[in-house]
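Chemist: Residue numbers (the UniProt record's numbering): 1 to 355. All residues carry an ideal CB built from backbone N, CA and C; glycine is no exception. Handing you this structure, nothing more for now.
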C-alpha cells in the first residue's frame, strides 16, 4: 500500500513541527511538505499533488475558509481542518465541513505539544481515513455560502404547532453519524416537517461544538432542536442532540420516554456513542423506533442497530456512494441487520414513509 502523502498548512511553526513529528511516526504517512500560508500551499499543491491536506482554520494572509472554497472549486482534495475549541472555532469548522472538509482535529489553546501528542493516534487515523474519503461525491446540501452569519446565537423554541398527522404516531427516530455526519444530518432533518415524531441524534463531536451544531441543525429544519437535560421528556416536533461529553439514552418511565445523560466509559472510543443510544431504544421502544446510520468512520452504532433490529425496529443506512466514509453503515450492513439502504437525498422521505 502506498503511503498517504500529506501537506501541512499552518501559520504556527510549532504546529507544523508537531504534526510533522506525529505523521512521521506512522509508517503509512509521508509529509511531503509544510506551508506557512495558503499562498505558499497553493504552489506546493500543484508541485507535490498531496493526497491529504491539514489546514489551519485561522491564518493571517488568507483564512482557511476562503482557501477551502477555492480548493474545492478548482482542485478537490481531502482536507482535515485544525480548529480551535471555541464557539467561533466551532462555527467556522462546521462551515468548513459544509464546504467539503472531511474531518477536523481540535487545536488546544495551552500545552499544545502534550495535547496534540496525546491525540497522535486519532490524528493519524483521521488523515489515513481522509485519504479514502469519497469527497468527489460530496453532496453539499447544508448551508449555502453566507448562511453561517444568519444562524442565531442561541436556540429558540419555534412557534410551529404540532399537528396530529405525524404527532399521533408513537414512533421515535434515531440518527447516528460520525465523519461527514454534520452535513448528512442537516440534509436529512431539513426534510422533516414541524410535526415529525421526536428525533434523537448522536454525532461524534467535542462538547465545545455541541451548541454550535445544534444551532446549525435548528437553522435548516422546521423542528425545534435542543441539547437535552437529564430527565427531559421526549416530545414530538423536537430534535434532541447528545452533548459532546455525555452518553445519551432514551428510557421509558411510565407512558413517557425520557432522556438520560451519563458520564460513563468511552464506547467504541467515543462519548457520546451511537451504540449506547441505539441499545437503550432497543429496550425502551422496540418496534416503535426507526434507526438510521449515516456516514462515519469505524463501527459505532452497528451493534446497537443489530439490537434494535432484533427488537423489531426499522433500520435504515446511508448507501456507500453518498457516504463520505462507509464505515459505520457498512459495518451494520455486514451484520445483516439493515432493512433499507438509501442514498442521502432519499433518507428523509424514506423515514417519513415509514412513520
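By the three-class DSSP mapping on this structure, what secondary structure does residue 112 have?
Modeler: Of the three classes helix, strand and coil, the one that applies to residue 112 here is helix, per DSSP.
Chemist: Should residue 111 be labelled buried (16 or more other beta-carbon atoms within 10 Å of its own) or exposed?
Modeler: Label assigned to residue 111: exposed.
Chemist: Should residue 233 go down as buried or exposed, given a rule of 16 or more other Cβ atoms within 10 Å for buried?
Modeler: That one is exposed.
Chemist: Looking at the secondary structure, which residues open and close the alpha helix (DSSP H) in which residue 276 lies?
Modeler: 274-284 is the span of the alpha helix (DSSP H), which, as asked, contains residue 276.
Chemist: Please determine if the segment 84-97 and the segment 119-131 are in contact, where contact requires at least 3 C-beta pairs separated by less than 8 Å.
Modeler: No, they do not touch.
Chemist: Work out the CA separation of residue 71 and residue 246 for me, nearest whole Å.
Modeler: Taking the straight line from one Cα to the other gives about 36 Å.
Chemist: With residue 11 and residue 37 assumed to form a contact (beta carbons below 8 Å), what rounded beta-carbon distance in angstroms separates them?
Modeler: Right, their Cβ atoms sit about 6 Å apart.
Chemist: Look at the Cβ atom of residue 197, then the Cβ atom of residue 169, and state whether they are nearer than 8 Å.
Modeler: Yes, these two residues count as a Cβ contact at 8 Å.
Chemist: On the DSSP letters alone, give me the boundaries of the beta strand (DSSP E) that residue 252 sits inside.
Modeler: Counting along the chain, the beta strand (DSSP E) containing residue 252 begins and ends at 247-253.
Chemist: Pairs of beta-carbons, one from the segment 311-319 and one from the segment 285-297, closer than 8 Å: are there three or more?
Modeler: Flag = yes, the segment 311-319 and the segment 285-297 touch.
Chemist: So, under 8 Å CB-CB, residue 259 and residue 230 are touching, yes? Tell me the CB distance rounded to an integer number of Å.
Modeler: Their Cβ separation, rounded to whole angstroms, is 7 Å, which keeps residue 259 and residue 230 in contact under 8 Å.
Chemist: Does DSSP classify residue 230 as helix, strand or coil?
Modeler: Coil, per DSSP.
Chemist: How would you write the range of the beta strand (DSSP E) that residue 205 sits in, first residue to last?
Modeler: That residue, residue 205, is in no beta strand (DSSP E); it is neither H nor E in DSSP.
Chemist: So residue 104 is in the beta strand (DSSP E); what residue range does that whole segment cover?
Modeler: Run containing residue 104: 103-107, per the beta strand (DSSP E) assignment.
Chemist: From residue 144 to residue 204, what distance separates their C-alpha atoms?
Modeler: For residue 144, the predicted structure reports a pLDDT of 46, less than 50, and the residue's modelled location is therefore unreliable. A value from the coordinates is still provided. Looking at the two C-alpha atoms, the distance is approximately 23 Å.
Chemist: Identify, in the order they occur along the chain, each residue of the same chain with its Cβ nearer than 7 Å to the Cβ of residue 191, setting aside the five sequence neighbours on each side.
Modeler: These residues qualify, in order along the chain: 348, 349.
Chemist: Would residue 285 pass as a contact of residue 172 if the rule is Cβ separation under 8 Å?
Modeler: The answer is yes: Cβ separation under 8 Å.
Chemist: Residue 292 lies in the beta strand (DSSP E); which residues open and close that run?
Modeler: Counting along the chain, the beta strand (DSSP E) containing residue 292 begins and ends at 289-293.
Chemist: Taking only the alpha-carbon atoms, compute the straight-line gap between residue 107 and residue 255 and give it to the nearest angstrom.
Modeler: Answer to the nearest angstrom: the Cα atoms are 44 Å apart.
Chemist: To the nearest angstrom, how far is it from the Cα of residue 221 to the Cα of residue 74?
Modeler: Taking the straight line joining both Cα atoms gives about 31 Å.
Chemist: I need the straight-line Cα distance from residue 80 to residue 310, nearest angstrom please.
Modeler: Roughly 37 Å separates the two Cα atoms.
Chemist: According to DSSP, simplified to helix, strand and coil, what is residue 235?
Modeler: Residue 235: coil per DSSP, three-state reduction.
Chemist: For residue 25, which of helix, strand or coil comes out of DSSP?
Modeler: Note: residue 25 maps to coil in three-state DSSP.
Chemist: Near residue 294, which residues of its chain fall below 6 Å by C-beta distance, leaving aside the five closest residues on each side in sequence?
Modeler: These residues qualify, in order along the chain: 177, 181, 184, 318.
Chemist: In terms of alpha-carbon separation, which member of 60, 31, 244, 224 lies closest to residue 236?
Modeler: Minimum Cα distance to residue 236 is reached at 224.
Chemist: Between residue 337 and residue 297, how many whole angstroms is the CB-CB distance? I'm expecting something under 8 Å.
Modeler: Not quite, the Cβ-Cβ distance comes to about 19 Å (not below 8 Å), so this is no contact.
Chemist: Have a look at residue 216 and residue 90 and give me their C-alpha separation to the nearest angstrom.
Modeler: When rounded, the distance between both Cα atoms is 11 Å.
Chemist: Identify whether residue 73 lies in helix, strand or coil by the three-state DSSP scheme.
Modeler: Residue 73 falls in the helix class under three-state DSSP.
Chemist: In the DSSP assignment, find the unbroken beta strand (DSSP E) run with residue 345 in it and report its ends.
Modeler: Where residue 345 is concerned, there is no enclosing beta strand (DSSP E), although the alpha helix (DSSP H) it sits in stretches over 344-354.
Chemist: Please name the residue in 102, 277, 257 whose C-alpha comes closest to that of residue 175.
Modeler: For the residues 102, 277, 257, the minimum Cα distance to residue 175 belongs to 277.
Chemist: Give me whichever residues DSSP pairs with residue 55 in a beta bridge.
Modeler: Partner(s): 9, 81.
Chemist: Please go through the same chain and pick out, in chain order, the residues whose beta-carbon is closer than 7 Å to the beta-carbon of residue 24, but skip the five residues on each side of it.
Modeler: Around residue 24: 31.
Chemist: Anyone know if the C-beta pair for residue 58 and residue 39 falls short of 8 Å?
Modeler: Not closer than 8 Å, so no.
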